[in-house]
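Engineer: One gets my numbering by counting positions in the sequence shown from 1 and adding 21 to each.
Note that beta-carbon positions come from the ideal geometry of N, C-alpha and C, so glycine has one too.
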Amino acid sequence: MSATLSDEALDLIFREARTYNGWLDKPVSDEQIHQIYELLKMGPTSANQQPGRFVWCKSQESRERLAQHAMEGNREKIRTAPVCAIIGYDLDFHEQLPWLFPHTDAKSWFEGDEEGRREHAFRNSALQGAYLLLAARALGLDCGPMSGFDQEATTKEFFADQPRYRADWLCAIGYGDRTTIFDRSPRPEFDTFNQLI
């Protein structure tokens, strides 16, 4: 690919995008949620593992249930967001590899290796969660990622029918209220945390 995104697009996704703490009273449609997923699933994962499992809490009832498991400072963010996604992962993602990665017997790489599956599921679902956030921004939506919640309780409540799934983090999605954001925190220069050798 030789084309690059415009500065306007890069601003939308990265440079001007912010983490929101409050939301405008403007809904996110089911179609927009599907559009986010159709983009995020295209992001690369190791051997196309696709271990991410997502619950899109759109109804007020589901957001109230989720808010119960969040730390006090995050509850209102969840309740007032048009959508709050639970980003989770499947510890048995390898069962899907015969059709997701049909080039070879990738399933056998992970059979009997619980710790290896956990590591791969955690890493690659985190990538998928990041793709979710970037996809939402690319579609003109704002995000409020958060980790201040009880993962075990959330897993039990929202993945009860899938005992091998685990909740990892949350992402509120909607149209952000700019009055609820803080001044941007510092971002390090290249030489601070990078080596070019």
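1) In the DSSP assignment, what residue or residues form a beta bridge with W190?
2) Where does the unbroken beta strand (DSSP E) through F75 begin, and where does it stop?
3) Does the segment 135-147 come into contact with the segment 200-213, if we say contact requires no fewer than three beta-carbon pairs (one atom in each stretch) closer than 8 Å?
4) Is D204 helix, strand or coil by DSSP?
5) Helix, strand or coil, according to DSSP, for T175 in the structure here?
6) Please say whether Y186 and G109 have beta carbons closer to each other than 7 Å?
7) Using alpha carbons as the reference points, say which of E97, F75, R74 and V76 lies closest to E85.
8) Excluding five sequence neighbours on each side, which residues of the same chain lie with their C-beta closer than 7 Å to the C-beta of T101?
9) Have a look at A174, L162 and T40 and flag the residue whose alpha-carbon is nearest the alpha-carbon of P48.
10) Under 8 Å by Cβ, that's how I've got I107 and L191 pegged, so tell me the actual separation to the nearest angstrom.
11) From P72, A88, Q70 and N69, pick the residue whose C-alpha is nearest to that of C78; which is it?
12) If A68 sits next to A127, beta carbons under 8 Å apart, how far is it from one beta carbon to the other, in whole angstroms?
13) Where does P119 fall in DSSP's three states?
14) Residue ranges of each beta strand (DSSP E) run of no fewer than 3 residues wholly in the segment 125-159, ordered along the chain?
15) Tell me where the beta strand (DSSP E) around D163 begins and ends.
16) With burial defined as no fewer than 16 other Cβ atoms inside 10 Å of the residue's Cβ, what is the status of A193: buried or exposed?
17) Who pairs with N25 in a beta bridge, going by DSSP?
18) Quick check: the Cα distance between T176 and F214, rounded to an integer number of angstroms?
19) Which class does G94 belong to by DSSP, given the choice of helix, strand or coil?
20) Between G94 and A174, what straight-line distance do the alpha-carbon atoms span, to the nearest angstrom?
Structural biologist: Per the coordinate set shown:
1) In the sequence shown, the residue the question calls residue 190 occupies position 169. According to DSSP, which records beta bridges pairwise, W190 is partnered with I108.
2) Locating residue 75 in the sequence shown gives position 54, where the first residue counts as 1. Boundaries of the beta strand (DSSP E) around F75: G73 to C78.
3) Output reads no: the segment 200-213 does not touch the segment 135-147.
4) Here residue 204 refers to the residue found at position 183 of the sequence shown. Three-state result, D204: coil.
5) Here residue 175 is taken as the residue at index 154 of the sequence shown, counted from 1. Helix.
6) As a first step, residue 109 must be located in the sequence shown, where it is residue number 88. As a first step, residue 186 must be located in the sequence shown, where it is residue number 165. Yes, these two residues count as a Cβ contact at 7 Å.
7) For the purposes of this step, residue 85 is taken as residue 64 along the sequence shown, with counting starting at 1. A check of alpha carbon separations from E85 across E97, F75, R74 and V76 identifies E97 as the nearest.
8) The count along the sequence shown starts at 1 and reaches residue 101 at position 80. Taken in chain order, the residues that qualify are G43 and W44.
9) Mapped onto the sequence shown, residue 48 falls at position 27. Out of A174, L162 and T40, the CA that lies nearest to the CA of P48 is found in L162.
10) Counting from 1 along the sequence shown, the entry for residue 107 is found at position 86. Counting from 1 along the sequence shown, the entry for residue 191 is found at position 170. About 6 Å separates the beta carbon of I107 from that of L191, a gap short enough to meet the 8 Å contact definition.
11) Residue numbering aside, residue 78 sits at position 57 when the sequence shown is read from its first letter. Ranking the options by Cα distance to C78, first place goes to A88.
12) Residue numbering aside, residue 68 sits at position 47 when the sequence shown is read from its first letter. Residue numbering aside, residue 127 sits at position 106 when the sequence shown is read from its first letter. Right, the Cβ-Cβ distance comes to about 5 Å (below 8 Å), so this counts as a contact.
13) Translated into the one-based positions of the sequence shown, residue 119 becomes position 98. Here DSSP, grouped into helix, strand and coil, assigns P119 to helix.
14) For the segment 125-159, not a single whole beta strand (DSSP E) run of length 3 or above is found.
15) Taking the first residue of the sequence shown as position 1, residue 163 is located at position 142. For D163, the enclosing beta strand (DSSP E) covers residues D163 to M167.
16) Your numbering for residue 193 matches position 172 in the sequence shown. Burial call: buried.
17) Position 4 of the sequence shown holds residue 25. The identity of residue 25 in the sequence shown is Thr, whereas the question assumes Asn. Beta-bridge analysis with DSSP links T25 to no other residue.
18) On the sequence shown, residue 176 is found 155 positions in, with the first residue counted as 1. On the sequence shown, residue 214 is found 193 positions in, with the first residue counted as 1. Cα to Cα, T176 sits roughly 34 Å from F214.
19) Start at 1 with the first residue of the sequence shown, and residue 94 comes out as number 73. The DSSP-derived three-state label of G94 is helix.
20) The count along the sequence shown starts at 1 and reaches residue 94 at position 73. The count along the sequence shown starts at 1 and reaches residue 174 at position 153. If you take the alpha carbons of G94 and A174, they lie about 17 Å apart.
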